[in-house]
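Visitor: In case it helps, my numbering puts the sequence shown at residues 11 to 390. Heads up, the beta-carbon is just placed ideally off N, CA and C, and yes, glycines get one too.
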Amino acid sequence: MNKRRTRKKRSRFPAPKLLALAALCLLGHRLGAEQVISDTMRGLTGLDLPRTLAAFQIGAFPGLTVSEHEIGTVSQDEVDETQPLPAQMTAEDQVDSAEPLVSESWFDIPSEVQEAEETETAPTKTADGAAIRELTIKGSKNGYSAYKNVFVKNESGLSFSLSSLMKNPVQITKNKSADKPTVLILHTHASEAYADQKGARSEDTAHNVVAVGDAMTEELEAAGIGVIHCRTIIDKPSYNRSYNRAREIIEDTLDEYPSIKIVLDVHRDSMIRSDGSEYKVVSEVDGTKCAQLMMVMGTNAGGLDHPNWKKNLSFAADLQQSIAEKYPTLMRPINLRKQRFNEHATTGSMILECGSSANTLQEAQTAARTFAKLLAKQIS
11 MNKRRTRKKR SRFPAPKLLA LAALCLLGHR LGAEQVISDT MRGLTGLDLP
61 RTLAAFQIGA FPGLTVSEHE IGTVSQDEVD ETQPLPAQMT AEDQVDSAEP
111 LVSESWFDIP SEVQEAEETE TAPTKTADGA AIRELTIKGS KNGYSAYKNV
161 FVKNESGLSF SLSSLMKNPV QITKNKSADK PTVLILHTHA SEAYADQKGA
211 RSEDTAHNVV AVGDAMTEEL EAAGIGVIHC RTIIDKPSYN RSYNRAREII
261 EDTLDEYPSI KIVLDVHRDS MIRSDGSEYK VVSEVDGTKC AQLMMVMGTN
311 AGGLDHPNWK KNLSFAADLQ QSIAEKYPTL MRPINLRKQR FNEHATTGSM
361 ILECGSSANT LQEAQTAART FAKLLAKQIS
């Protein structure tokens, strides 16, 4: 496969001026004048204040110190998330232009967090030696679209009525014969791994998110649901084209198995502080600590064809409500995005983020097994 040459975009401002402007942003943020500073910053440089602050937090600009967070409860709208491309990638490398932006979430330190209890078995450091901090992310009625126990962080810029979608949810039922698969599981970024792996990456399917998909497959098949699990390392050899490769796999699989109704693209998230420590997202299932999960739902806001995104969201929200009734903290708020993420394939398509790079594989598998069991009940 020929590799396309990437082009680096040069900033209109030299580094010293960018540093001064970014420092001004941080001062405005702390003084409560974000909007004024943000408008000024955007007018001068085209840069966005929250993303500039996030760049500070991940070390893009030197010389900052960050005060320690307070202990409390975090809502996801307090977490400033950006989606930077890997260093070797630029947006023009993509045929489906916006889709690869679903890499890990680098974010500003939330002002309040809910700390989870310490455990003796889970590591306190990653394989790279980074300290692990524990976080449980919950929704609130401020800053979210909310109905019943479902919270949606809307980053798409599109409008919708969550209550209407959930009052008349899209219903998906399993195929009566397990020989006609209902679910396709794949991993666009299959090399994503957990705290025991260097760099939280591995091509060993016993240690990366493919093993999480294996656990889900076992539970679904035990419930009589036919599953096709694609265990291919899709992001090899080209991370840049992983979403394009995933789309081809989805299309080919649907051609061979038109009975498939649900496409689960299983990932894991990543949350890294400026001091190098990492957050693991945690919940509890029947007394066992596990990872939190998050559904990432795509739309057509990025310009790619996805006419049924509201139907996808309706199905996801109804499923999230069913899960929340039994395990209130298992699911993080749904993340609704501008990108399509190949979710136009079926109305049951979604990305499922299983924990973060600081979670253990076992924590992710415990959560994923629980999700699969509840999904099986939802579509039975």
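Cα separation between arginine 257 and methionine 305?
Guide: Along the sequence shown, one-based indexing puts residue 257 at 247. Along the sequence shown, one-based indexing puts residue 305 at 295. Near 18 Å, if we compare the C-alpha coordinates of methionine 305 and arginine 257.
Visitor: Which of the three DSSP states is assigned to tyrosine 253 in this structure?
Guide: Here residue 253 is taken as the residue at index 243 of the sequence shown, counted from 1. Helix.
Visitor: Can you tell me whether glycine 308 is buried or exposed, with buried defined as 16 or more other CB within 10 angstroms of its CB?
Guide: Indexing the sequence shown from 1 puts residue 308 at position 298. By the 10 Å Cβ count, glycine 308 comes out buried.
Visitor: Excluding sequence positions up to five away, which residues of its chain have a Cβ less than 7 Å from the Cβ of alanine 137?
Guide: Within the sequence shown, the letter at position 127 stands for residue 137. Around alanine 137: Ala205, Asp206, Gln207 and Lys208.
Visitor: When the Cα atoms are used, what is the spatial distance from glutamate 165 to aspartate 265?
Guide: The residue labelled residue 165 in the question sits at position 155 within the sequence shown. The residue labelled residue 265 in the question sits at position 255 within the sequence shown. Computed Cα separation, rounded: 32 Å.
Visitor: Skipping 5 residues on each side, what residues in its chain have a beta carbon closer than 6 Å to that of arginine 211?
Guide: Here residue 211 refers to the residue found at position 201 of the sequence shown. Hits under 6 Å: Ser201 and Ala203.
Visitor: Helix, strand or coil, according to DSSP, for glutamate 144 in the structure here?
Guide: Here residue 144 refers to the residue found at position 134 when the sequence shown is read from its first residue. Three-state result, glutamate 144: strand.
Visitor: What is the residue span of the alpha helix (DSSP H) that isoleucine 389 lies within?
Guide: Position 379 of the sequence shown, counted from the first residue, corresponds to residue 389. Its alpha helix (DSSP H) spans residues 371-389.
Visitor: I need the boundaries of the beta strand (DSSP E) containing lysine 299, first residue and last residue.
Guide: Counting from 1 along the sequence shown, the entry for residue 299 is found at position 289. Per DSSP, lysine 299 belongs to the beta strand (DSSP E) from 298-301.
Visitor: For isoleucine 235, report the span of its beta strand (DSSP E) as first-last.
Guide: Against the sequence shown, residue 235 aligns to sequence position 225. No beta strand (DSSP E) holds isoleucine 235; DSSP gives it neither H nor E.
Visitor: What span of residues does the alpha helix (DSSP H) with serine 174 cover, start to end?
Guide: Position 164 of the sequence shown, counted from the start, is the residue given in the question as residue 174. Note, serine 174: alpha helix (DSSP H), 172-177.
Visitor: Taking all protein chains shown into account, decide if serine 171 is buried (16 or more other Cβ within 10 angstroms of its Cβ) or exposed.
Guide: Walking along the sequence shown from the start, residue 171 turns up at place 161. It is exposed - the Cβ of serine 171 has fewer than 16 other Cβ atoms within 10 Å.
Visitor: Could you tell me how far apart the beta carbons of threonine 357 and lysine 321 are, in whole angstroms, since I believe they sit closer than 8 Å?
Guide: In the sequence shown, counting from the first residue as 1, residue 357 sits at position 347. In the sequence shown, counting from the first residue as 1, residue 321 sits at position 311. Right, the Cβ-Cβ distance comes to about 4 Å (below 8 Å), so this counts as a contact.
Visitor: Do isoleucine 361 and phenylalanine 351 count as a contact pair if the criterion is CB distance below 8 Å?
Guide: Start at 1 with the first residue of the sequence shown, and residue 351 comes out as number 341. Start at 1 with the first residue of the sequence shown, and residue 361 comes out as number 351. Against a cut-off of 8 Å, the Cβ pair of isoleucine 361 and phenylalanine 351 comes out as a contact.
Visitor: Anyone know if the C-beta pair for isoleucine 272 and valine 193 falls short of 8 Å?
Guide: Here the question's residue 272 lines up with position 262 in the sequence shown. Here the question's residue 193 lines up with position 183 in the sequence shown. It is a contact, given that the beta carbons lie within the stated cut-off.
Visitor: Over what stretch of residues does the beta strand (DSSP E) that includes phenylalanine 161 continue unbroken?
Guide: Taking the first residue of the sequence shown as position 1, residue 161 is located at position 151. Unbroken beta strand (DSSP E) run through phenylalanine 161: 160-164.
Visitor: CA-CA distance, glutamine 375 and glutamine 331?
Guide: Position 365 of the sequence shown, counting from 1, holds the residue named residue 375. Position 321 of the sequence shown, counting from 1, holds the residue named residue 331. Rounded to whole angstroms, glutamine 375 to glutamine 331 spans 21 Å at the Cα level.
Visitor: Identify whether valine 89 lies in helix, strand or coil by the three-state DSSP scheme.
Guide: Counting from 1 along the sequence shown, the entry for residue 89 is found at position 79. Only weak support exists for where valine 89 lies, its pLDDT of 38 falling under 50; the value from the coordinates is given anyway. Valine 89 falls in the coil class under three-state DSSP.
Visitor: Quick test of your reading: alanine 221 and leucine 371, contact by CB under 8 Å. State the CB separation rounded to the nearest angstrom.
Guide: The residue you call residue 221 lines up with position 211 of the sequence shown. The residue you call residue 371 lines up with position 361 of the sequence shown. At roughly 6 Å, the Cβ-Cβ gap stays under 8 Å, so alanine 221 and leucine 371 are in contact.
Visitor: Where glycine 286 and glycine 139 are concerned, what is the direct C-alpha to C-alpha distance, given to the nearest angstrom?
Guide: Against the sequence shown, residue 286 aligns to sequence position 276. Against the sequence shown, residue 139 aligns to sequence position 129. Between glycine 286 and glycine 139, the C-alpha separation is close to 9 Å.
Visitor: On the criterion of 16 or more Cβ atoms from any shown chain inside 10 Å, does threonine 134 qualify as buried, or is it exposed?
Guide: In the sequence shown, residue 134 corresponds to position 124, counting from 1. Exposed is the call here.
Visitor: Which residues in the same chain as glutamate 335 place their Cβ atom closer than 8 Å to its Cβ, once the five residues preceding and following it in sequence are excluded?
Guide: Locating residue 335 in the sequence shown gives position 325, counting from the first residue. For glutamate 335, where only same-chain residues beyond five positions count, the Cβ hits under 8 Å are Asn159.
Visitor: According to the Cβ coordinates, are tyrosine 337 and valine 295 closer than 8 Å?
Guide: Your numbering for residue 337 matches position 327 in the sequence shown. Your numbering for residue 295 matches position 285 in the sequence shown. Yes, these two residues count as a Cβ contact at 8 Å.
Visitor: In chain order, what residues of the same chain lie with their CB nearer than 6 Å to the CB of lysine 290, ignoring the 5 residues before and after it?
Guide: By 1-based counting over the sequence shown, the position of residue 290 is 280. Excluding sequence neighbours, lysine 290 sits near Ile142, Glu144, Ser366, Ala368 and Asn369.
Visitor: When you compare the CB positions of leucine 274 and isoleucine 333, do they come within less than 8 Å of one another, or not?
Guide: Taking the first residue of the sequence shown as 1, we reach residue 274 at position 264. Taking the first residue of the sequence shown as 1, we reach residue 333 at position 323. Going by C-beta atoms, leucine 274 is not nearer than 8 Å to isoleucine 333.
Visitor: Quick check on DSSP: helix, strand or coil for serine 366?
Guide: On the sequence shown, residue 366 is found 356 positions in, with the first residue counted as 1. Strand.
Visitor: Rounded to a whole number of angstroms, what is the C-alpha to C-alpha distance between glutamine 181 and serine 284?
Guide: Counted from its first residue, the sequence shown places residue 181 at position 171. Counted from its first residue, the sequence shown places residue 284 at position 274. Spanning the two alpha carbons is a distance of roughly 43 Å.
Visitor: Looking only at DSSP bridge pairs, what is lysine 290 linked to?
Guide: On the sequence shown, residue 290 is found 280 positions in, with the first residue counted as 1. The partner list for lysine 290 (beta bridge, DSSP) reads Glu144.
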